[in-house]
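Below you'll find the structure, written out as structure tokens, and then a few comments.
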Ligand code: ADP
Ligand code: MG
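Numbering (UniProt numbering), first residue to last: 1 to 261.
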């Protein structure tokens with residue numbers, strides 16, 4: 001092992017390192033020098049007023065959005081770049097991305113594929129893994145989210161809560177190192193929110209590393225190891241849930257908590 005590789009493995013033990021990320025859309029400076037680390041098994045809820053840049057930050061983490069400055073490191077590997085600092089090609093990027101599971105507000109399921117096929121698609125076509133093994137694992141993750149009896153249905157036959165559980169199963173099927181949730185329950189009828197939160201709660205209890213953008217404050221408080229609160233493109237609080245909810249330090253966080261609770 002050469003000296004630089006040794007150095008990397010010693011200094012970057014976090015699962016995720018977000019280092020100095022900035023991102024603008026034209027004149028709109030959305031993310032301003034955002035940095036934080038996540039250790040294995042941590043659950044971070046990313047909170048903040050609408051438009052403060054939460055989705056943009058999640059999209060920068062998996063390189064769906066290319067930051068203007070800064071680095072994202074996943075298990076010390078730099079997203080989008082090879083060890084020698086050159087940009088990686090599409091194949092290598094999609095391999096890196098496959099270590100980051102993303103769950104979207106609007107599910108983004110393939111309408112023409114069954115539940116099982118939806119969950120198998122990326123392991124088969126992105127990870128190019130063996131079909132038999134992929135199918136076995138897909139069945140197992142669908143069982144884990146309580147949908148073993150829906151595997152042959154098309155998404156259009158499912159409720160919103162069931163669709164989102166397929167979305168979670170699909171992310172899990174890639175065996176990601178980290179899961180990113182962007183308002184996973186915001187599009188659901190209130191009655192269906194609980195079943196999705198319950199699956200997420202189980203994942204957290206099993207030690208999954210997760211970043212969650214959510215409006216469910218009670219859930220965020222119960223499930224998170226840390227709250228990161230953003231305002232106007234900056235992280236202005238990064239503290240335990242008890243500290244954040246019981247004793248917010250900034251006026252912006254106080255105003256936010258009044259508006260959502
Ligand atoms: P949040 O998820 O916290 O509500 P977003 O990250 O979606 O915030 O958006 C932050 C800001 O960036 C908003 O002003 C939004 O209009 C802008 N924005 C997000 N994505 C794009 C894009 N692709 N092109 C232009 N502006 C964008
Ligand atoms: Mg958003």
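By construction, the Cβ of each residue, glycine as well, lies at the ideal position given by its N, Cα and C atoms.
From a predicted model like this one, the values you see are computed outputs, not experimental measurements.
Euclidean distance between Cα positions of residue i and residue j
| i | j | result |
| --- | --- | --- |
| residue 226 | residue 154 | 37 Å |
| residue 62 | residue 94 | 10 Å |
| residue 15 | residue 75 | 5 Å |
| residue 31 | residue 47 | 14 Å |
| residue 259 | residue 133 | 48 Å |
| residue 241 | residue 224 | 7 Å |
| residue 254 | residue 206 | 32 Å |
Below-7 Å beta-carbon distance, residue i vs any chain C residue
| i | result |
| --- | --- |
| residue 19 | Judged by its chain identifiers, the structure shown contains no chain C, having just a single protein chain. |
Same chain, Cβ closer than 8 Å to residue i, neighbours up to 5 away in sequence not counted
| i | result |
| --- | --- |
| residue 88 | 80, 81, 82 and 96 |
The alpha helix (DSSP H) enclosing residue i, as first and last residue numbers
| i | result |
| --- | --- |
| residue 201 | 190-205 |
| residue 168 | 160-172 |
| residue 132 | 131-144 |
| residue 253 | 251-260 |
| residue 118 | 115-125 |
| residue 262 | Only positions 1 to 261 of the chain appear in the structure, and residue 262 is not among them; the question remains open. |
| residue 221 | 217-223 |
Neighbourhood of residue i by C-beta distance below 7 Å, restricted to the same chain and skipping five residues each side
| i | result |
| --- | --- |
| residue 222 | none |
| residue 159 | 192 |
| residue 33 | 20 and 22 |
| residue 163 | 107, 109 and 155 |
| residue 24 | 30 and 68 |
Counterpart residues of residue i in DSSP-defined beta bridges
| i | result |
| --- | --- |
| residue 91 | Partner(s): none; residue 91 has no beta bridge. |
| residue 98 | The partner list for residue 98 (beta bridge, DSSP) is empty, contrary to what the question assumes. |
| residue 77 | 74 |
Residues near residue i by beta carbon distance below 6 Å, same chain, minus five either side
| i | result |
| --- | --- |
| residue 152 | 114 |
| residue 169 | 119, 141, 142 and 145 |
- Message: Can you confirm whether the stretch 97-114 touches the stretch 162-176 when touching is taken to mean that 3 or more C-beta pairs between the two stretches lie within less than 8 Å?
- Response: yes
- Task: Spell out a yes or no on whether the stretch 123-143 and the stretch 102-111 are touching, meaning 3 or more CB-CB pairs, one atom from each, closer than 8 Å.
- Result: no
- Message: Pairs of beta-carbons, one from the stretch 206-216 and one from the stretch 231-245, closer than 8 Å: are there three or more?
- Response: no
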